[in-house]
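Throughout, our numbering is defined as the position within the sequence shown, counted from one, plus 1002.
Quick notes on the structure that follows.
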Amino acid sequence: MGLCVRRLAIAGVLLWWVSPAMRAETPSGTDQPAARPATAAEAKTFTDEAEKKLLQLWIEQGRADWVKSTFITDDTEILAAQAADRSISAGVQYAKDATRFDGLTQPADVARKLKLLKLSLTVAAPSDPAERAELTRIGTAMEGAYGKGKYCPTKDRCLDLEDITKIMATSRDAKELLDIWAGWHAIGGPIKKDYVRFVELSNKGARELGFKDTGAMWRSKYDMSPEEFSAELDRLWQQVRPLYVSLHAYVRWKLREKYGDLVPANGPIPAHLLGNMWAQTWDNVYPLVAPKDADPGYDLTQILKSRYTDPLQMVRYGEGFFSSLGFDPLPKTFWARSMFTKPRDREVVCHASAWDIDYVDDLRIKMCIDITAEDFTTIHHELGHNYYQRAYDQQPVLFRDSANDGFHEAVGDTIALSVTPEYLVKLGLLDKAPDTSKDIGLLLNKALEKVAFLPFGLLIDQYRWKIFSGEITPAQYNKAWWDLRLKYQGIAPAGARPEDLFDAGAKYHVPANVPYTRYFLADILQFQFHRALSKAAGCTSPLNRCSIYGNAEAGRKLRDMLAMGQSKPWPDALEAITGQRQMDATAIRDYFAPLQKWLDEQNKGKPVGW
Ligand SMILES: [Zn+2]
């Protein structure tokens, strides 16, 4: 989900497996039993060396990746894959070698670095070479199967995910939507056998590193026990659930007006009618559910176009936002090396992303900017990543990342929440902000994106954690998936989904093995950050009208948090910006309070819940 991809540091997302060729190059320290107990001095030397080596490999990988993403050819793809292999195999080896210092008393920063090295993996390969090779093969095969996934409604017409996404977003033909939905979900079934084996092997590797299973390894990243973290997520979900249930009831009623009895009056919403293959965000059905007087009274896209705003000026607006908070201007290299427009002479990855090539200040964004309101906001979001990256560049290498994996996306989105009508007035793009009676349409649109997402953001890992722990067995993969979809989202498939299907496999992050809880956390945290910074800025308007633009105090709070990187447990970073040490979903409730009131009025006398 989300607007952007940020390049991940250690043991990345896509290429976590280690190719056999690369593995031969890395030292195999853990295979030899240690001759004598390790010392604290050796631990320090070990982390120093790891930081030096990894930094060098990450920079190489970054450069290769940048060239590949801005000039896609067979050669640049191979070079980027090779660089990724090198840095990832080194990361895997350091993670394993770090266990040598388990149980040793040492300074807090060294202990934290060793822990981060061990937790950097999303999958731990078993030490048995044959099993490692098998895991590598399975990982590649699953992601490959997903990437090549197509649905062919007829012999001569095949649709890839991009085509399918467009149809899901725009079609209002229930029959066509169901056909496309079922067609895409068919890619899951063939992946199931591999996934079952993947779970066995990755669990074995996780146990060798001292974790109960792969799910417990993922949950250990959050500076608390896996059990405490699970309980935290439950607590946050209970805080926000009433808002979701109200939104669900309203949308169900409006969809029932459109699609009739296909949508039950008081049961779950059919999964194929929400404008998105996974029903994870619902903003594509906004036109079907929009309130009558939804026009906010201005159209930023039109305003930008009528002023002949160019892509460079769009980015200058974004930089101006951060300068107004007291951040230094972007370096000259940012303007020279970024990609702002789609080149006419070559293939590029247009998906917006923020980069920090040298982990100091070689910051860049890569975007094919259109002059639209959406891209105006996205630029603010991407620059949020860049300013975060630069703020922690004084930290030791292993601490140059966000406080936990939810924080980076949350910061970008926090900045985007400050793109309000009042901000546009200050930029001179708008004469006068419309009064707040016009806000319901905007709030509803945003809720269809950010509130509708929450249960989905939560359940993907609830599901996988249960699979990794053995609570869900392969015989129940599909049933358990739909049980959770019903429980959290109030969504159901339009027909039977037997166990020869594997519907979770039709979502990228499952076959690609990318943890998902970070997106749930980011969704919660961005509103908590926004509320705290708005308060620091002295804003007394409704939260959706608060912008921190131009406020030095909010800027200082933000900068203090960003500069910590991941040097400290994340509650410390959260406290620096919000004064709270716990995540708190009441902020998202506060932000949408006017919408909640409106939804309650609309839902009066109608069924709520499922
Ligand atoms: Zn982002």
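Backbone N, C-alpha and C fix where the C-beta goes; we use that ideal spot for every residue, glycine too.
Values in this document were obtained by computation on a predicted structure and should not be read as measured data.
- Which one of Met1170, Arg1547 and Pro1128 has the shortest CA to CA distance from Asp1441? Arg1547
- Task: Please determine, among Gly1443, Gly1414 and Phe1409, the residue with the shortest C-alpha to C-alpha distance to Glu1666.
- Result: With the chain represented from 1003 up to 1612, any question about residue 1666 goes unanswered, as that position is not in the structure.
- Just to confirm, are Gln1397 and Ser1569 a CB contact at a threshold of 8 Å? yes
- Message: I'd like to confirm something about Glu1259: is its beta-carbon nearer than 7 Å to some heavy atom of ligand 1, or not?
- Response: no
- Query: Applying the criterion that 16 or more other CB atoms from any shown protein chain within 10 Å of the CB defines a buried residue, is Gln1304 buried or exposed?
  - Reply: exposed
- What's the C-alpha gap between Leu1601 and Ser1543? Taking the straight line from one Cα to the other gives about 21 Å.
- Assumed close pair Asp1104, Ala1082 - CB separation to whole angstroms, cut-off 8 Å: With 8 Å as the limit, Asp1104 and Ala1082 do not qualify as a contact, their Cβ atoms being about 34 Å apart.
- Can His1187 be considered in contact with ligand 1, in the sense that its beta carbon sits closer than 7 Å to one or more heavy atoms? no
- Query: To which residues of the same chain is Pro1131 closer than 7 Å at the C-beta, ignoring the five residues directly before and after it?
  - Reply: none
- Message: Let me see if you follow: with CB-CB separation under 8 Å, is Glu1079 close to chain B or not?
- Response: Here there is only one protein chain, and chain B is not present.
- Query: Who does Leu1161 pair with in a DSSP beta bridge?
  - Reply: As a beta-bridge residue in DSSP terms, Leu1161 pairs with Tyr1153.
- Query: What do you reckon, are the CB atoms on Ile1579 and Ala1534 nearer than 8 Å?
  - Reply: In this structure, Ala1534 lies closer than 8 Å to Ile1579 by Cβ.
- Message: Tell me whether Glu1376, by its Cβ, gets closer than 7 Å to a heavy atom of ligand 1.
- Response: no
- Item | Where Arg1402 falls: helix, strand or coil (DSSP) | coil
- Item | Candidates Arg1237, Lys1055 and Ser1089: closest to Gln1584 by CA position | Here the closest residue by C-alpha is Arg1237.
- Could you give the distance in angstroms between the alpha-carbon of Thr1379 and the alpha-carbon of Ala1418? 6 Å
- Query: Is Trp1284 near Val1253, with beta carbons less than 8 Å apart?
  - Reply: yes
- For Glu1411, is the beta carbon positioned less than 7 Å from some heavy atom of ligand 1? yes
- Task: Going by CA-CA distance only, name the one from Pro1436, Arg1221 and Met1566 that's closest to Leu1392.
- Result: Sequence inspection shows Arg at residue 1392; the Leu mentioned does not correspond to that position. Checking every option, the nearest Cα to that of Arg1392 belongs to Met1566.
- Item | Whole-Å CB distance - Tyr1593 paired with Phe1529, under 8 Å assumed | 5 Å
- Rounded to a whole number of angstroms, what is the C-alpha to C-alpha distance between Gly1098 and Lys1214? The sequence given here places Lys at residue 1098; Gly does not occur at that position. Between Lys1098 and Lys1214, the C-alpha separation is close to 16 Å.
- Query: Does the Cβ of Cys1541 have 16 or more other Cβ atoms within 10 Å, making it buried, or fewer, making it exposed?
  - Reply: Buried: at least 16 other Cβ atoms inside 10 Å.
- Item | In chain order, each alpha helix (DSSP H) run of at least 4 residues that lies wholly inside the region 1254 to 1327 | 1288 to 1291, 1302 to 1308 and 1313 to 1326
- Item | Inter-residue CB distance, Phe1458 and Gly1190 (contact presumed, cutoff 8 Å) | About 16 Å separates the CB atoms of Phe1458 and Gly1190; that is not less than 8 Å, and the two are not in contact.
- Query: Run through DSSP, which three-state label would Lys1434 get?
  - Reply: coil
- Item | Buried or exposed (CB count within 10 angstroms, at least 16 for buried), Leu1017 | Because Leu1017 carries a pLDDT of 33, less than 50, the predicted location of this residue cannot be relied on, and the following value inherits that uncertainty. Buried, since its Cβ has 16 or more Cβ neighbours within 10 Å.
- Would Ala1587 be called buried (16 or more neighbouring beta carbons within 10 Å of its own) or exposed? buried
- Message: Let me check one thing: in DSSP terms, what residues is Ala1494 bridge-paired to?
- Response: Pro1272
- Task: To the nearest angstrom, report how far apart His1382 and Gly1320 are at their CA atoms.
- Result: 5 Å
- Straight-line CA distance for Val1265 to Lys1481? 21 Å
- Message: According to DSSP, simplified to helix, strand and coil, what is Met1226?
- Response: coil
- Around the C-beta of Ile1182, are 16 or more other C-beta atoms found within 10 angstroms, so that it is buried, or is it exposed? buried
- Task: From the DSSP output, in three-state form, read off Met1585 for me.
- Result: coil
- Own chain partners of Arg1346 with C-beta closer than 6 Å, once the 5 adjacent residues on each side are dropped: none
- Message: Given this structure, state the Cα-to-Cα distance separating Pro1596 from Ile1271, to the nearest angstrom.
- Response: 24 Å
- Does ligand 1 have even one heavy atom less than 7 Å from the beta-carbon of His1353? no
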